[in-house]
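What follows is one structure encoded as structure tokens, with my remarks underneath.
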Ligand code: SAH
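Residue numbers (this note's numbering): 3 to 239.
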């Protein structure tokens, strides 16, 4: 079973959206497991503090390394990768997601406030992962994104297994456009080729649309693809 452990000061946020739809069904049927560990349970003082003022001054609070260390030591007793959600981290991409999904699971440490004491990162071998170039108020929603992206790749989770193979990023390309009935929507027809029944032509059209969209919207992906043939999972890190 693929196991996700999330270290957070808001365990009540989980499973949250991960309890519904495909991920929720797979959670209920034991394809994967989730344990939300309350970091506060590992606080040592009577106020259960998990954070303290930043050394050197400045605004906000910093999550304490000693408290985090105890929470991690109690949870990450196996070889699963330990990730710290962080806007400073390597950007999460589909290759990295695949690597995580094919492994035993993941331990995710959610920051809050200004972030965590820097020393915990090296002390517990945390890999920093970012879900994008913007700042969230905490790591929980980012952790949910990581888990959701992994869980949908687990065997038996997605109904049509084939739908994983052709989607965005699978070949270093964005996905081609989709259409469904009605044939005419507000004066806009479905591209004729898709209703032609010619599967060779349809595949070629989809390929060229995927290439066109990637060139137009994501020159970075396109360039990476041209130079490397195929994107490598950890290139970005
Ligand atoms: N002061 C920090 C931001 C802290 S935001 C800075 O300027 O870099 C609080 C927490 O939210 C972070 O510790 C991290 O766990 C989480 N977080 C915020 N943005 C994120 C992102 N883009 N990806 C992953 N985690 C993020």
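For each residue, glycine too, the CB sits at the ideal point set by N, CA and C.
1) Would the C-beta of residue 189 count as close to the ligand SAH, meaning under 7 Å from any of its heavy atoms?
2) How many Å lie between residue 121 and residue 6 at the Cα?
3) By DSSP, does residue 260 sit in helix, in strand, or in coil?
4) Under 7 Å from any heavy atom of the ligand SAH, does the C-beta of residue 28 make it?
5) Three-state secondary structure (DSSP) at residue 171?
6) In the DSSP output, what is residue 116 paired with across the bridge?
7) Could you check where the beta strand (DSSP E) with residue 40 kicks off and where it finishes?
8) Do you know how far the Cα of residue 64 is from the Cα of residue 112?
9) Look at the Cβ atom of residue 86, then the Cβ atom of residue 123, and state whether they are nearer than 8 Å.
10) Where residue 160 and residue 104 are concerned, what is the direct C-alpha to C-alpha distance, given to the nearest angstrom?
11) Identify the continuous beta strand (DSSP E) that holds residue 8 and give its terminal residues.
12) For residue 219, is the classification buried or exposed, using 16 other Cβ atoms within 10 angstroms of its Cβ as the cut-off for buried?
13) What residue does the alpha helix (DSSP H) around residue 108 start on, and which one ends it?
14) With a threshold of 8 Å, are at least 3 pairs of Cβ atoms found where one atom belongs to the region 141-150 and the other to the region 73-83?
15) Does the Cβ-Cβ distance between residue 217 and residue 207 come in under 8 Å?
16) Name the residue from 54, 70, 36 and 184 whose alpha carbon lies nearest to the alpha carbon of residue 42.
17) Does the Cβ-Cβ distance between residue 156 and residue 100 come in under 8 Å?
18) Does DSSP classify residue 100 as helix, strand or coil?
19) Check whether the Cβ atoms of residue 131 and residue 172 lie closer than 8 Å to each other.
So, to answer that:
1) no
2) 24 Å
3) What is shown of the chain runs 3 to 239, which leaves residue 260 out entirely.
4) no
5) coil
6) Residue 116 pairs with nothing; no bridge assigned.
7) 34-40
8) 12 Å
9) yes
10) 15 Å
11) 4-10
12) exposed
13) Segment 107-111 is the beta strand (DSSP E) holding residue 108; no alpha helix (DSSP H) there.
14) no
15) no
16) 70
17) no
18) helix
19) no
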